[in-house]
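Heads up: the structure comes next, in structure tokens.
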């Protein structure tokens, strides 16, 4: 029995997991070719979608369950190959976006001590994730999260996506 890793800032030790099919070949009903799929991924990225949003769109609108089983590459690798990968990793981007919105809320509602506490937790997750991404060299070594420049960073990444 494997030990379950707990959440960082809550009690959960969830065991729910996705269950990918064992068969790694593309589904038989799929009509799309590999080059068409890569083109549609790039087109969606140019519209400003993040890799996870692209995967959801392909699944829901085009009936493609797993891009990797069709192309042999993941969405992010396809985007990197075409020079369309986001500047900062998606999970870090959304954490920074959340921290910016909580900080904005705190400007209007100073006495909200719970929001202050949650902001500390969010920012500690940002620092931990940034440390990891620096270690695996997905972020430059001199990259640093600063709360003062976070909203500018988010708007800059949003402009690059659009």
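In my numbering, the protein residues as written are 1 to 162.
From the three backbone atoms N, C-alpha and C, an ideal C-beta is built for every residue, glycine too.
Legend entry - Whole-angstrom distance between residue 12 and residue 1, CA atom to CA atom: Your numbering for residue 1 matches position 1 in the chain shown. Your numbering for residue 12 matches position 12 in the chain shown. Because residue 1 carries a pLDDT of 47, less than 50, the predicted location of this residue cannot be relied on, and the following value inherits that uncertainty. Roughly 18 Å between the two C-alpha positions.
Legend entry - Sequence-distant residues of its chain with Cβ nearer than 6 Å to residue 127 (five each side left out): Working through the chain shown from its first residue, we reach residue 127 at position 127. Closer than 6 Å at the Cβ level, and outside the excluded window around residue 127, lies no residue.
Legend entry - Within the region 67-144, ranges of the alpha helix (DSSP H) (whole runs, at least 4 residues): Listed in chain order, they are 67-71, 75-81, 90-108, 113-135.
Inset, instruction - Pull up the distance between the alpha-carbon of residue 28 and that of residue 65, whole angstroms please. - result: As a first step, residue 28 is located in the chain shown; it is residue number 28 there, counting from the start. As a first step, residue 65 is located in the chain shown; it is residue number 65 there, counting from the start. Computed Cα separation, rounded: 12 Å.
Legend entry - Local Cβ density within 10 Å of residue 136, reported as buried at 16 or more and exposed below that: Taking the first residue of the chain shown as position 1, residue 136 is located at position 136. Of the other Cβ atoms in all chains shown, fewer than 16 fall within 10 Å of the Cβ of residue 136; this residue is therefore exposed.
Inset, instruction - Give the secondary structure of residue 11 by DSSP, where H, G and I count as helix, E and B as strand, and everything else as coil. - result: Within the chain shown, residue 11 is the residue found at index 11, counting from 1. In this structure, residue 11 counts as coil in the three-state DSSP scheme.
Inset, instruction - Using the Cα positions of residue 88 and residue 157, report the straight-line distance between them to the nearest angstrom. - result: Sequence index remark: in the chain shown, residue 88 carries index 88 (1-based). Sequence index remark: in the chain shown, residue 157 carries index 157 (1-based). Straight through space, the alpha carbons of residue 157 and residue 88 are spaced by roughly 8 Å.
Legend entry - Environment of residue 8 [buried if 16+ CB atoms lie within 10 Å]: As a working mapping, residue 8 is identified with position 8 in the chain shown. Flag for residue 8 reads exposed.
Inset, instruction - Give the secondary structure of residue 20 by DSSP, where H, G and I count as helix, E and B as strand, and everything else as coil. - result: Against the chain shown, residue 20 aligns to sequence position 20. In this structure, residue 20 counts as coil in the three-state DSSP scheme.
Inset, instruction - Report back the beta-carbon spacing between residue 154 and residue 97 to the nearest angstrom; my notes put them in contact at under 8 Å. - result: Translated into positions along the chain shown, residue 154 becomes position 154. Translated into positions along the chain shown, residue 97 becomes position 97. Going by Cβ atoms, the distance from residue 154 to residue 97 rounds to 5 Å, so yes, they are a contact pair.
Legend entry - residue 71, buried or exposed, once every other Cβ within 10 Å from all chains shown has been counted against 16: Along the chain shown, one-based indexing puts residue 71 at 71. Buried.
Inset, instruction - To the nearest angstrom, report how far apart residue 75 and residue 111 are at their CA atoms. - result: In the chain shown, residue 75 corresponds to position 75, counting from 1. In the chain shown, residue 111 corresponds to position 111, counting from 1. A straight line joining the alpha-carbon of residue 75 with that of residue 111 spans about 43 Å.
Legend entry - Three-state secondary structure (DSSP) of residue 55: As a first step, residue 55 must be located in the chain shown, where it is residue number 55. Annotated three-state conformation of residue 55 is helix, per DSSP.
Legend entry - Closest residue to residue 142 among 150, 131, 122 (Cα-Cα distance): Taking the chain shown and counting its residues from 1, one reaches residue 142 at position 142. Checking every option, the nearest Cα to that of residue 142 belongs to 131.
Inset, instruction - Return the Cβ separation of residue 84 and residue 46 in integer angstroms, given the expectation that the two are a contact with Cβ distance under 8 Å. - result: For the purposes of this step, residue 84 is taken as the residue at position 84 of the chain shown. For the purposes of this step, residue 46 is taken as the residue at position 46 of the chain shown. Confirmed, about 7 Å.
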